[in-house]
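Numbering (the numbering used here), first residue to last: 11 to 204. By construction, the Cβ of each residue, glycine as well, lies at the ideal position given by its N, Cα and C atoms. Structure first, then comments.
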Amino acid sequence: MYSKYLYLTEVEWYMNWVNGGEVPIKLASRYKSNTRNGILTPDENQIHESKTDLNSLMPFIKFEENFDCKNINFKNITINGVNLPSIENAKLYKEDGLILSFCNTESEAIAKKFEKKVCVKILDINKLKESFDKQIGCEGIMENCQYTNSHERNHFLKSNLDEWQNEFRIFWKSNNEKYLKVPQDIAVLVKTYI
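As structure tokens, then:
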């Protein structure tokens with residue numbers, strides 16, 4: 011059992027977390043934006059696994075916005091006298107699913123960067139996940155986010171520009187946004203920031 015912190019936009023929203031009401035769980039794609047701002051990032055729900063940044067192969071090879079490939083392999087390719095790097099089992103695609111993000115610490119500075127007004131402490135993240143797994147109908151994955159200055163991304167590997175978030179996530183492979191019932195006595199109010 012270990013605790014996590016959840017920052018909420020409106021003060022009254024904490025009551026459903028503390029008293030065991032219903033809360034919305036949104037798709038990862040809802041947090042995608044052309045600019046990086048608070049909870050919004052340009053690389054949300056992007057999976058990019060490759061030793062070489064596949065976007066760096068332009069203009070020779072261009073991957074469209076909705077490109078979806080999970081096994082890119084090529085070697086010994088020369089285009090107009092330019093040798094392209096060998097690519098082996100690379101992945102570049104979008105993967106949506108339900109996501110719930112927490113913070114490993116309570117911080118007024120983080121709350122302000124998120125533009126949030128209240129913080130609740132989740133007393134047992136494992137118990138919360140078990141309850142939500144049952145309600146969603148599939149087992150979620152939960153872990154701390156890692157941060158990188160490389161091109162690689164997944165649901166738990168984010169840009170080092172997001173490192174200030176100190177984020178812990180739960181991800182479910184489900185494409186329908188849901189309202190879920192929070193178990194009673196799972197959270198307590200920590201602080202309001204207004």
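Asked, Found
"Report all residues from its chain with a CB closer than 8 Å to the CB of residue 94; omit the five preceding and five following residues, and keep chain order.", "67, 70, 71, 84, 87, 88"
"Within the continuous alpha helix (DSSP H) that includes residue 140, where are the two ends?", "135 to 146"
"Using C-beta distances below 6 Å, list every residue in its chain close to residue 125, excluding the 5 sequence neighbours before and after it, in chain order.", "48"
"Use the C-beta contact count for residue 145: other C-beta atoms within 10 angstroms, 16 or more gives buried, fewer gives exposed.", "exposed"
"List the DSSP bridge partners of residue 79.", "102"
"How many Å lie between residue 118 and residue 176 at the Cα?", "13 Å"
"Using CA coordinates, which residue listed in 200, 80, 56 is at the minimum distance from residue 131?", "200"
"Give the single residue among 57, 29, 21, 31 whose Cα lies nearest to the Cα of residue 169.", "57"
"Would residue 163 be called buried (16 or more neighbouring beta carbons within 10 Å of its own) or exposed?", "buried"
"For residue 96, which residues in the same chain have their Cβ closer than 6 Å to its Cβ, ignoring the five residues on either side in sequence?", "85"
"By the three-class DSSP mapping on this structure, what secondary structure does residue 64 have?", "helix"
"Using three-state DSSP, classify residue 185 as helix, strand or coil.", "coil"
"Is there a Cβ of chain C sitting closer than 9 Å to that of residue 88, yes or no?", "Among the chains of the structure shown, chain C does not appear; only one protein chain is present."
"If you draw a straight line from the C-alpha of residue 34 to the C-alpha of residue 104, how long is it?", "22 Å"
"With DSSP collapsed to three states, give me the class of residue 16.", "strand"
"Given that a residue counts as buried once 16 or more other Cβ atoms are within 10 Å of its Cβ, and exposed if not, what is residue 207?", "What the structure shows of the chain is the stretch from 11 to 204, and residue 207 is not part of that stretch, so it cannot be assessed."
"What are the partner residues of residue 178, as DSSP defines its beta bridges?", "112, 154"
"Pull the bridge partners of residue 58 from the DSSP assignment, please.", "102, 163"
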